[in-house]
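Read through the structure below, which is laid out as C-alpha coordinates, and then see the notes.
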Amino acid sequence: MKKESNILVLSSEDAVGGAYELMYRIASALNADRKNVCLAVRKKHRTDSFIKAITFSSKKRLFRRIINRIESMFGLQHRDIASDASSRYVFCYDEDERVTYATAEVLLKQISFVPDVIIVGLTRAFLTTKEIGKLYDATEAKIIYVMLDVFCFTAGCHVLNNCTRYVDGCIECPAVHTLKAKKIVQGNFQIKQAIYKQIKPSFLVGEGLTKYIAEKSSFFGVATHFCAYSFAPIKIFNTDNRNIARQVFNLPINKKIILAACDNLRDERKGGKYIVEALKLLKDKVSVDELAILFVGNNPDANIINDIPYESIYIKYIRDERLLSLMYQASTLYLMSSIEDMGPMMLAESLCCGTPVVGFKTGYLFSEQVFKDGFAGYKVDVADAEGLANKIYDVLSMPEIEYAHMSDCAASLGRECFSDVAFVRDFNKYLSRI
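Just so it is clear: in the sequence shown, position 203 is 212 by my numbering, and no numbers are missing.
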(Lines of atoms letter the chains of each structure in order from A and count residues from 1; the text may use other names and numbers.)
(Lines give C-alpha, C1' and ligand atoms only; values in the text may rest on other atoms or scores of the structure.)
Protein backbone atom coordinates (compact mmCIF):
# COMPACT_ATOMS: atom_id res chain seq x y z
CA MET A 1 0.00 0.00 0.00
CA LYS A 2 1.36 3.43 -0.94
CA LYS A 3 2.54 5.99 1.57
CA GLU A 4 -0.07 8.39 0.13
CA SER A 5 -2.82 6.16 1.54
CA ASN A 6 -5.51 7.97 3.53
CA ILE A 7 -5.51 6.84 7.15
CA LEU A 8 -8.47 7.07 9.51
CA VAL A 9 -7.77 6.60 13.22
CA LEU A 10 -10.75 5.84 15.49
CA SER A 11 -10.88 6.54 19.22
CA SER A 12 -13.62 7.57 21.62
CA GLU A 13 -11.46 10.46 22.80
CA ASP A 14 -8.11 12.18 22.29
CA ALA A 15 -7.64 12.75 26.02
CA VAL A 16 -4.28 12.92 27.78
CA GLY A 17 -3.06 9.65 29.25
CA GLY A 18 -3.67 5.95 28.76
CA ALA A 19 -5.28 4.33 25.72
CA TYR A 20 -6.61 7.59 24.29
CA GLU A 21 -3.17 9.17 24.57
CA LEU A 22 -1.63 6.37 22.50
CA MET A 23 -4.22 6.76 19.74
CA TYR A 24 -3.52 10.48 19.63
CA ARG A 25 0.21 9.77 19.42
CA ILE A 26 -0.35 7.30 16.57
CA ALA A 27 -2.41 9.81 14.61
CA SER A 28 0.01 12.66 15.34
CA ALA A 29 3.12 10.68 14.35
CA LEU A 30 1.55 9.39 11.12
CA ASN A 31 0.16 12.82 10.25
CA ALA A 32 3.60 14.41 10.67
CA ASP A 33 5.00 11.76 8.32
CA ARG A 34 2.36 11.89 5.59
CA LYS A 35 -0.28 14.66 6.18
CA ASN A 36 -3.21 12.49 5.14
CA VAL A 37 -4.51 11.33 8.52
CA CYS A 38 -7.76 11.98 10.37
CA LEU A 39 -8.32 11.09 14.03
CA ALA A 40 -12.09 10.72 14.41
CA VAL A 41 -13.36 10.93 17.99
CA ARG A 42 -16.59 11.10 19.94
CA LYS A 43 -15.20 13.73 22.28
CA LYS A 44 -12.46 16.18 21.27
CA HIS A 45 -10.11 17.73 23.84
CA ARG A 46 -7.18 18.92 21.73
CA THR A 47 -6.93 21.55 19.01
CA ASP A 48 -4.94 19.70 16.33
CA SER A 49 -6.44 20.19 12.88
CA PHE A 50 -6.25 16.46 12.03
CA ILE A 51 -8.73 15.64 14.84
CA LYS A 52 -12.41 15.53 13.91
CA ALA A 53 -15.21 15.29 16.48
CA ILE A 54 -18.02 13.20 15.00
CA THR A 55 -21.53 14.37 15.84
CA PHE A 56 -24.32 11.82 15.92
CA SER A 57 -27.83 11.47 17.26
CA SER A 58 -28.31 10.32 20.83
CA LYS A 59 -32.07 9.87 20.57
CA LYS A 60 -31.91 6.12 21.19
CA ARG A 61 -29.78 6.61 24.28
CA LEU A 62 -32.16 9.32 25.55
CA PHE A 63 -35.10 6.98 24.99
CA ARG A 64 -33.30 4.25 26.95
CA ARG A 65 -32.70 6.62 29.85
CA ILE A 66 -36.40 7.53 29.94
CA ILE A 67 -37.37 3.85 29.98
CA ASN A 68 -34.83 3.19 32.76
CA ARG A 69 -36.33 5.97 34.87
CA ILE A 70 -39.85 4.58 34.42
CA GLU A 71 -38.67 1.07 35.30
CA SER A 72 -36.94 2.42 38.38
CA MET A 73 -40.16 4.09 39.56
CA PHE A 74 -41.90 0.72 39.48
CA GLY A 75 -39.00 -1.28 40.91
CA LEU A 76 -38.11 -2.77 37.55
CA GLN A 77 -34.75 -1.06 37.09
CA HIS A 78 -32.76 -2.58 34.27
CA ARG A 79 -29.37 -3.86 35.43
CA ASP A 80 -26.68 -3.32 32.81
CA ILE A 81 -24.13 -5.98 32.16
CA ALA A 82 -21.43 -4.23 34.20
CA SER A 83 -23.49 -4.55 37.38
CA ASP A 84 -23.76 -8.29 36.78
CA ALA A 85 -20.01 -8.69 36.78
CA SER A 86 -18.29 -9.88 39.92
CA SER A 87 -15.86 -7.54 41.66
CA ARG A 88 -12.87 -9.30 40.06
CA TYR A 89 -14.06 -8.16 36.64
CA VAL A 90 -15.15 -4.65 37.59
CA PHE A 91 -13.65 -3.16 34.41
CA CYS A 92 -15.39 -5.61 32.12
CA TYR A 93 -18.54 -5.94 30.05
CA ASP A 94 -19.42 -2.28 29.76
CA GLU A 95 -20.33 -2.60 26.10
CA ASP A 96 -23.16 -4.39 24.34
CA GLU A 97 -22.29 -5.00 20.67
CA ARG A 98 -25.99 -4.83 19.76
CA VAL A 99 -26.20 -1.14 20.69
CA THR A 100 -25.60 1.50 18.00
CA TYR A 101 -23.94 4.83 18.73
CA ALA A 102 -22.36 6.56 15.71
CA THR A 103 -22.93 4.81 12.38
CA ALA A 104 -20.45 4.20 9.60
CA GLU A 105 -22.59 6.28 7.26
CA VAL A 106 -22.61 9.30 9.59
CA LEU A 107 -18.87 9.08 10.20
CA LEU A 108 -17.90 8.86 6.52
CA LYS A 109 -20.02 11.91 5.71
CA GLN A 110 -18.12 13.97 8.26
CA ILE A 111 -14.52 13.17 7.33
CA SER A 112 -12.78 14.67 4.32
CA PHE A 113 -11.64 11.51 2.49
CA VAL A 114 -12.31 7.84 1.84
CA PRO A 115 -9.85 5.92 4.03
CA ASP A 116 -7.53 3.27 2.67
CA VAL A 117 -6.47 2.23 6.18
CA ILE A 118 -8.57 2.34 9.35
CA ILE A 119 -6.79 2.07 12.72
CA VAL A 120 -9.18 1.15 15.54
CA GLY A 121 -8.48 2.01 19.17
CA LEU A 122 -10.80 2.07 22.15
CA THR A 123 -14.18 3.09 20.67
CA ARG A 124 -16.39 2.74 23.74
CA ALA A 125 -19.80 4.45 23.33
CA PHE A 126 -18.71 5.51 19.84
CA LEU A 127 -18.42 2.71 17.27
CA THR A 128 -19.29 -0.95 17.73
CA THR A 129 -17.73 -3.87 15.87
CA LYS A 130 -20.75 -4.02 13.56
CA GLU A 131 -20.15 -0.42 12.47
CA ILE A 132 -16.47 -1.21 11.87
CA GLY A 133 -17.73 -3.94 9.55
CA LYS A 134 -19.94 -1.42 7.74
CA LEU A 135 -16.97 0.94 7.37
CA TYR A 136 -15.13 -1.92 5.68
CA ASP A 137 -18.11 -2.59 3.37
CA ALA A 138 -18.21 1.07 2.32
CA THR A 139 -14.47 1.59 1.84
CA GLU A 140 -12.73 -1.81 1.58
CA ALA A 141 -10.06 -0.24 3.78
CA LYS A 142 -7.47 -2.33 5.60
CA ILE A 143 -8.65 -2.60 9.22
CA ILE A 144 -5.98 -2.55 11.94
CA TYR A 145 -6.86 -2.94 15.63
CA VAL A 146 -4.47 -1.53 18.20
CA MET A 147 -4.25 -3.95 21.11
CA LEU A 148 -4.64 -1.42 23.93
CA ASP A 149 -6.05 -4.12 26.20
CA VAL A 150 -7.73 -7.48 25.55
CA PHE A 151 -11.15 -6.12 24.52
CA CYS A 152 -10.71 -6.94 20.83
CA PHE A 153 -10.16 -10.64 21.67
CA THR A 154 -12.94 -11.13 24.22
CA ALA A 155 -16.71 -10.89 24.44
CA GLY A 156 -16.32 -7.66 26.40
CA CYS A 157 -13.56 -7.88 28.98
CA HIS A 158 -10.80 -5.28 28.96
CA VAL A 159 -8.83 -7.22 31.60
CA LEU A 160 -8.30 -11.01 31.64
CA ASN A 161 -7.57 -11.41 35.35
CA ASN A 162 -6.03 -14.82 34.50
CA CYS A 163 -9.17 -15.94 32.67
CA THR A 164 -8.49 -18.08 29.57
CA ARG A 165 -12.09 -18.45 28.32
CA TYR A 166 -11.33 -16.08 25.41
CA VAL A 167 -9.36 -18.96 23.86
CA ASP A 168 -12.54 -20.95 23.10
CA GLY A 169 -15.26 -18.32 22.76
CA CYS A 170 -15.87 -16.94 26.26
CA ILE A 171 -18.21 -19.86 26.95
CA GLU A 172 -19.41 -20.05 30.58
CA CYS A 173 -18.01 -16.62 31.31
CA PRO A 174 -17.11 -16.36 35.03
CA ALA A 175 -17.70 -12.60 35.12
CA VAL A 176 -21.50 -12.78 34.87
CA HIS A 177 -24.16 -14.82 36.56
CA THR A 178 -27.55 -13.98 35.03
CA LEU A 179 -28.97 -15.70 31.96
CA LYS A 180 -29.59 -12.35 30.30
CA ALA A 181 -25.98 -11.28 30.80
CA LYS A 182 -24.65 -14.61 29.55
CA LYS A 183 -26.69 -14.17 26.35
CA ILE A 184 -25.18 -10.73 25.83
CA VAL A 185 -21.70 -12.19 26.32
CA GLN A 186 -22.26 -14.89 23.73
CA GLY A 187 -23.90 -12.39 21.38
CA ASN A 188 -20.91 -10.08 21.66
CA PHE A 189 -18.49 -12.88 20.85
CA GLN A 190 -20.50 -14.16 17.89
CA ILE A 191 -20.79 -10.65 16.43
CA LYS A 192 -17.04 -10.10 16.69
CA GLN A 193 -16.30 -13.50 15.20
CA ALA A 194 -18.58 -12.88 12.21
CA ILE A 195 -17.24 -9.37 11.57
CA TYR A 196 -13.60 -10.46 11.85
CA LYS A 197 -14.20 -13.19 9.29
CA GLN A 198 -15.65 -10.54 7.01
CA ILE A 199 -13.01 -7.81 7.39
CA LYS A 200 -9.92 -9.99 8.07
CA PRO A 201 -8.28 -7.39 10.32
CA SER A 202 -4.69 -7.08 11.49
CA PHE A 203 -3.82 -6.53 15.13
CA LEU A 204 -1.03 -4.23 16.15
CA VAL A 205 0.79 -6.01 18.96
CA GLY A 206 4.24 -5.88 20.51
CA GLU A 207 6.50 -8.76 21.46
CA GLY A 208 5.31 -9.83 24.88
CA LEU A 209 1.97 -10.52 26.52
CA THR A 210 0.01 -8.82 23.72
CA LYS A 211 1.43 -11.16 21.09
CA TYR A 212 0.94 -14.20 23.31
CA ILE A 213 -2.76 -13.40 23.85
CA ALA A 214 -3.30 -12.65 20.16
CA GLU A 215 -1.87 -16.01 19.13
CA LYS A 216 -3.92 -17.89 21.74
CA SER A 217 -7.18 -16.19 20.75
CA SER A 218 -9.83 -18.13 18.88
CA PHE A 219 -9.93 -15.18 16.45
CA PHE A 220 -6.32 -15.73 15.41
CA GLY A 221 -7.23 -17.94 12.46
CA VAL A 222 -9.23 -15.15 10.79
CA ALA A 223 -6.80 -12.33 11.57
CA THR A 224 -3.11 -11.52 11.42
CA HIS A 225 -0.84 -9.41 13.58
CA PHE A 226 2.27 -7.30 13.24
CA CYS A 227 4.65 -5.98 15.84
CA ALA A 228 4.81 -2.35 16.98
CA TYR A 229 4.90 -0.85 20.44
CA SER A 230 3.39 1.84 22.61
CA PHE A 231 5.74 4.74 22.05
CA ALA A 232 6.91 8.15 23.22
CA PRO A 233 7.72 11.21 21.06
CA ILE A 234 11.51 11.26 21.13
CA LYS A 235 11.79 15.06 20.83
CA ILE A 236 10.18 15.29 24.28
CA PHE A 237 11.10 12.02 25.99
CA ASN A 238 14.89 11.90 25.91
CA THR A 239 17.94 12.36 28.15
CA ASP A 240 18.62 16.03 27.38
CA ASN A 241 17.70 17.53 30.75
CA ARG A 242 18.88 15.06 33.38
CA ASN A 243 21.06 17.72 34.98
CA ILE A 244 18.10 19.98 35.84
CA ALA A 245 15.24 17.48 36.21
CA ARG A 246 15.36 17.16 40.01
CA GLN A 247 15.51 20.90 40.51
CA VAL A 248 12.25 21.35 38.59
CA PHE A 249 10.39 19.14 41.08
CA ASN A 250 12.51 20.15 44.06
CA LEU A 251 13.55 16.53 44.57
CA PRO A 252 16.44 15.54 46.86
CA ILE A 253 19.81 15.62 45.09
CA ASN A 254 21.57 13.34 47.57
CA LYS A 255 19.18 10.38 47.28
CA LYS A 256 18.41 7.78 44.66
CA ILE A 257 14.79 7.93 43.51
CA ILE A 258 12.42 5.12 42.56
CA LEU A 259 9.53 6.22 40.36
CA ALA A 260 6.54 4.11 41.47
CA ALA A 261 3.82 5.77 39.41
CA CYS A 262 1.01 3.49 40.57
CA ASP A 263 -2.14 5.61 40.21
CA ASN A 264 -4.11 3.54 42.70
CA LEU A 265 -2.18 1.51 45.26
CA ARG A 266 -5.30 -0.52 46.13
CA ASP A 267 -5.89 -1.63 42.53
CA GLU A 268 -4.86 -5.29 42.55
CA ARG A 269 -3.97 -5.29 38.85
CA LYS A 270 -1.60 -2.33 39.31
CA GLY A 271 0.32 -4.26 41.97
CA GLY A 272 0.50 -1.55 44.61
CA LYS A 273 0.80 -4.05 47.44
CA TYR A 274 3.94 -5.52 45.85
CA ILE A 275 5.53 -2.08 45.84
CA VAL A 276 5.02 -1.91 49.60
CA GLU A 277 6.23 -5.49 50.19
CA ALA A 278 9.32 -5.02 48.03
CA LEU A 279 10.28 -1.73 49.71
CA LYS A 280 9.91 -3.26 53.18
CA LEU A 281 12.28 -6.05 52.12
CA LEU A 282 14.63 -3.53 50.57
CA LYS A 283 15.08 -1.77 53.92
CA ASP A 284 17.48 -4.52 55.03
CA LYS A 285 19.81 -3.62 52.14
CA VAL A 286 19.33 0.11 51.48
CA SER A 287 19.36 2.74 54.22
CA VAL A 288 16.30 4.96 54.58
CA ASP A 289 18.65 7.93 54.18
CA GLU A 290 19.72 6.84 50.71
CA LEU A 291 16.41 6.46 48.93
CA ALA A 292 13.14 8.27 48.17
CA ILE A 293 9.99 6.93 46.47
CA LEU A 294 8.20 9.14 43.94
CA PHE A 295 4.47 8.53 43.47
CA VAL A 296 2.55 10.20 40.65
CA GLY A 297 -1.23 9.97 40.20
CA ASN A 298 -4.65 11.00 41.42
CA ASN A 299 -5.35 8.46 44.15
CA PRO A 300 -2.75 8.60 46.92
CA ASP A 301 -3.49 6.35 49.87
CA ALA A 302 -1.90 7.83 52.98
CA ASN A 303 -2.38 4.63 54.99
CA ILE A 304 -0.42 2.61 52.44
CA ILE A 305 2.22 5.24 51.71
CA ASN A 306 2.85 5.68 55.44
CA ASP A 307 3.61 1.96 55.62
CA ILE A 308 6.60 2.41 53.30
CA PRO A 309 9.90 2.73 55.22
CA TYR A 310 11.38 5.37 52.88
CA GLU A 311 10.62 9.03 52.24
CA SER A 312 7.58 9.17 49.97
CA ILE A 313 7.05 12.09 47.61
CA TYR A 314 3.69 12.57 45.93
CA ILE A 315 3.10 14.53 42.72
CA LYS A 316 -0.37 14.94 41.23
CA TYR A 317 -1.11 13.54 37.79
CA ILE A 318 1.09 15.28 35.19
CA ARG A 319 -0.57 16.28 31.93
CA ASP A 320 2.29 18.26 30.40
CA GLU A 321 4.57 15.85 28.49
CA ARG A 322 7.63 18.04 29.01
CA LEU A 323 7.18 17.81 32.78
CA LEU A 324 6.46 14.10 32.48
CA SER A 325 9.76 13.62 30.68
CA LEU A 326 11.60 15.51 33.42
CA MET A 327 9.97 13.24 36.01
CA TYR A 328 11.52 10.16 34.36
CA GLN A 329 14.88 11.87 33.93
CA ALA A 330 14.86 12.78 37.63
CA SER A 331 14.41 9.12 38.63
CA THR A 332 17.04 6.43 39.16
CA LEU A 333 14.67 3.69 38.02
CA TYR A 334 11.04 3.14 37.09
CA LEU A 335 9.29 0.41 39.10
CA MET A 336 6.69 -1.34 36.91
CA SER A 337 4.46 -3.07 39.44
CA SER A 338 1.49 -4.09 37.24
CA ILE A 339 0.71 -7.79 37.34
CA GLU A 340 -1.29 -7.64 34.07
CA ASP A 341 -0.57 -5.03 31.43
CA MET A 342 -0.47 -4.70 27.66
CA GLY A 343 2.46 -2.27 27.68
CA PRO A 344 2.52 -0.04 29.53
CA MET A 345 3.20 3.27 27.77
CA MET A 346 5.17 4.38 30.84
CA LEU A 347 7.73 1.71 29.96
CA ALA A 348 8.31 3.39 26.59
CA GLU A 349 8.55 6.83 28.18
CA SER A 350 10.99 5.66 30.85
CA LEU A 351 13.30 3.92 28.40
CA CYS A 352 13.39 6.88 26.01
CA CYS A 353 14.47 9.02 28.98
CA GLY A 354 17.31 6.62 29.79
CA THR A 355 15.72 5.44 33.04
CA PRO A 356 16.15 1.68 33.66
CA VAL A 357 13.06 -0.40 34.44
CA VAL A 358 12.49 -3.04 37.10
CA GLY A 359 9.18 -4.88 36.88
CA PHE A 360 7.11 -8.02 36.64
CA LYS A 361 7.07 -10.21 33.53
CA THR A 362 3.95 -8.78 31.98
CA GLY A 363 3.28 -6.51 29.01
CA TYR A 364 6.44 -5.93 27.00
CA LEU A 365 8.53 -7.49 29.78
CA PHE A 366 6.78 -10.83 29.14
CA SER A 367 9.23 -11.79 26.39
CA GLU A 368 13.02 -11.78 26.05
CA GLN A 369 12.68 -10.75 22.40
CA VAL A 370 12.91 -7.01 23.04
CA PHE A 371 13.52 -6.51 26.77
CA LYS A 372 16.48 -8.68 27.70
CA ASP A 373 17.03 -9.11 31.42
CA GLY A 374 19.97 -7.07 32.66
CA PHE A 375 20.25 -4.87 29.55
CA ALA A 376 17.97 -1.88 30.23
CA GLY A 377 16.75 -3.12 33.59
CA TYR A 378 15.45 -6.30 35.18
CA LYS A 379 12.25 -8.35 35.32
CA VAL A 380 10.98 -10.94 37.77
CA ASP A 381 8.09 -13.38 37.96
CA VAL A 382 4.68 -11.81 38.53
CA ALA A 383 3.87 -11.17 42.21
CA ASP A 384 7.41 -12.00 43.36
CA ALA A 385 7.96 -9.10 45.78
CA GLU A 386 11.24 -10.54 47.06
CA GLY A 387 12.56 -10.85 43.52
CA LEU A 388 11.47 -7.27 42.86
CA ALA A 389 13.36 -6.06 45.94
CA ASN A 390 16.51 -7.94 44.88
CA LYS A 391 16.50 -6.46 41.37
CA ILE A 392 15.82 -2.96 42.68
CA TYR A 393 18.87 -3.39 44.89
CA ASP A 394 20.94 -4.60 41.92
CA VAL A 395 20.26 -1.31 40.12
CA LEU A 396 20.66 0.93 43.16
CA SER A 397 23.96 -0.70 44.16
CA MET A 398 25.59 -0.52 40.74
CA PRO A 399 28.88 1.37 40.46
CA GLU A 400 28.31 4.69 38.71
CA ILE A 401 29.94 3.56 35.47
CA GLU A 402 27.77 0.42 35.28
CA TYR A 403 24.60 2.38 35.97
CA ALA A 404 25.54 4.92 33.28
CA HIS A 405 25.93 2.04 30.81
CA MET A 406 22.51 0.59 31.71
CA SER A 407 20.98 4.06 31.36
CA ASP A 408 22.55 4.42 27.90
CA CYS A 409 21.20 0.98 26.95
CA ALA A 410 17.71 1.99 28.09
CA ALA A 411 17.82 5.16 25.98
CA SER A 412 19.11 3.20 22.98
CA LEU A 413 16.34 0.60 23.32
CA GLY A 414 13.79 3.39 23.66
CA ARG A 415 14.91 5.08 20.45
CA GLU A 416 15.12 1.81 18.52
CA CYS A 417 11.82 0.22 19.57
CA PHE A 418 9.67 2.57 21.66
CA SER A 419 9.88 5.98 19.97
CA ASP A 420 7.54 7.68 17.50
CA VAL A 421 10.31 7.39 14.89
CA ALA A 422 10.43 3.63 15.41
CA PHE A 423 6.63 3.34 15.20
CA VAL A 424 6.38 5.24 11.90
CA ARG A 425 9.25 3.17 10.47
CA ASP A 426 7.64 -0.15 11.41
CA PHE A 427 4.15 0.96 10.36
CA ASN A 428 5.36 2.07 6.93
CA LYS A 429 7.18 -1.25 6.48
CA TYR A 430 3.93 -3.03 7.25
CA LEU A 431 1.93 -0.89 4.82
CA SER A 432 4.46 -1.57 2.05
CA ARG A 433 3.76 -5.28 2.37
CA ILE A 434 -0.04 -5.13 2.01
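Glycine is no exception: its CB is placed at the ideal position from the N, C-alpha and C atoms.
Buried/exposed call for Glu411, threshold 16 Cβ in 10 Å
One-based indexing of the sequence shown puts residue 411 at position 402. Around the Cβ of Glu411, a 10 Å sphere holds fewer than 16 other Cβ atoms; the residue is exposed.
Any idea if Thr56 is buried or exposed, counting beta-carbon neighbours within 10 angstroms, 16 or more meaning buried?
Within the sequence shown, numbered from 1, the residue matching residue 56 stands at position 47. So Thr56 ends up on the exposed side.
Given Asp403 as reference, the closest of Lys53, Val126 and Gly383 once Cα atoms are compared:
Stepping through the sequence shown from its first residue, residue 403 is reached at position 394. When only C-alpha atoms are compared, the closest one is Gly383.
Buried or exposed: where does Leu218 fall if 16 or more other Cβ atoms within 10 Å of its Cβ makes it buried?
Taking the sequence shown and counting its residues from 1, one reaches residue 218 at position 209. The residue in question, Leu218, is buried, as its Cβ has 16 or more Cβ neighbours within 10 Å.
Does the contact criterion of 3 or more C-beta pairs under 8 Å hold for the region 149 to 164 versus the region 205 to 214?
yes
If I follow the unbroken beta strand (DSSP E) through Cys236, where does it start and stop?
As a first step, residue 236 must be located in the sequence shown, where it is residue number 227. From DSSP, the beta strand (DSSP E) with Cys236 extends over Thr233 to Cys236.
Are the region 317 to 330 and the region 340 to 351 touching, with three or more C-beta to C-beta distances below 8 Å?
no
Over what stretch of residues does the alpha helix (DSSP H) that includes Ala36 continue unbroken?
Within the sequence shown, residue 36 is the residue found at index 27, counting from 1. First-last of the alpha helix (DSSP H) with Ala36: Gly27 to Arg43.
Exposed or buried, which one is Ile443 when buried takes at least 16 other CB atoms within 10 Å?
As a position in the sequence shown, residue 443 is number 434, starting the count at 1. Exposed.
Which runs of the beta strand (DSSP E) at least 3 residues long sit entirely within the region 403 to 433? Give them in chain order.
Those beta strand (DSSP E) runs which fall completely within the region 403 to 433 and span 3+ residues do not exist here.
What is the DSSP secondary structure of Phe162, reduced to helix, strand or coil?
Position 153 of the sequence shown, counting from 1, holds the residue named residue 162. In the structure shown, Phe162 sits in a helix (DSSP, three-state: H, G or I).
Measure from the alpha carbon of Asp93 to the alpha carbon of each residue in Asp249, Gly363, Gly165 and Gly215, then state which is nearest.
Against the sequence shown, residue 93 aligns to sequence position 84. For Asp93, the nearest C-alpha among the options comes from Gly165.
Exposed or buried, Ser406, counting other C-beta atoms within 10 Å across all chains shown (16 or more means buried)?
Taking the sequence shown and counting its residues from 1, one reaches residue 406 at position 397. The residue in question, Ser406, is exposed, as its Cβ has fewer than 16 Cβ neighbours within 10 Å.
With distances taken from CA atoms, which of Ile266, Lys294 and Lys388 is nearest Tyr337?
The residue you call residue 337 lines up with position 328 of the sequence shown. Of the listed residues, the one whose Cα sits closest to Tyr337 is Ile266.
Which of helix, strand or coil DSSP assigns to Ile267
As a working note, residue 267 is residue 258 in the sequence shown. In this structure, Ile267 counts as strand in the three-state DSSP scheme.
If you draw a straight line from the C-alpha of Cys182 to the C-alpha of Leu136, how long is it?
On the sequence shown, residue 182 is found 173 positions in, with the first residue counted as 1. On the sequence shown, residue 136 is found 127 positions in, with the first residue counted as 1. Rounded to whole angstroms, Cys182 to Leu136 spans 24 Å at the Cα level.
Note down the Cα distance separating Arg331 from Phe246, rounded to an integer number of angstroms.
As a position in the sequence shown, residue 331 is number 322, starting the count at 1. As a position in the sequence shown, residue 246 is number 237, starting the count at 1. Roughly 8 Å separates the two Cα atoms.
Just to check my reading of the structure: Leu48 and Ala38 have Cβ atoms closer than 8 Å, yes? What is that Cβ distance to the nearest angstrom?
Translated into the one-based positions of the sequence shown, residue 48 becomes position 39. Translated into the one-based positions of the sequence shown, residue 38 becomes position 29. With a Cβ gap of about 11 Å, Leu48 and Ala38 do not count as contacting.
I need the straight-line Cα distance from Val18 to Val46, nearest angstrom please.
By one-based count along the sequence shown, residue 18 stands at place 9. By one-based count along the sequence shown, residue 46 stands at place 37. Whole-angstrom Cα-Cα distance: 7 Å.
Cβ-based neighbour list, Ser449, same chain, cut-off 6 Å, excluding 5 preceding and 5 following:
This structure does not reach residue 449, given that the chain is present from 10 up to 443, and the question cannot be answered.
According to DSSP, what are the bridge partners of Val389?
To locate residue 389, count along the sequence shown from 1; it is residue 380. Answer by DSSP bridge pairing, in chain order: Phe369.
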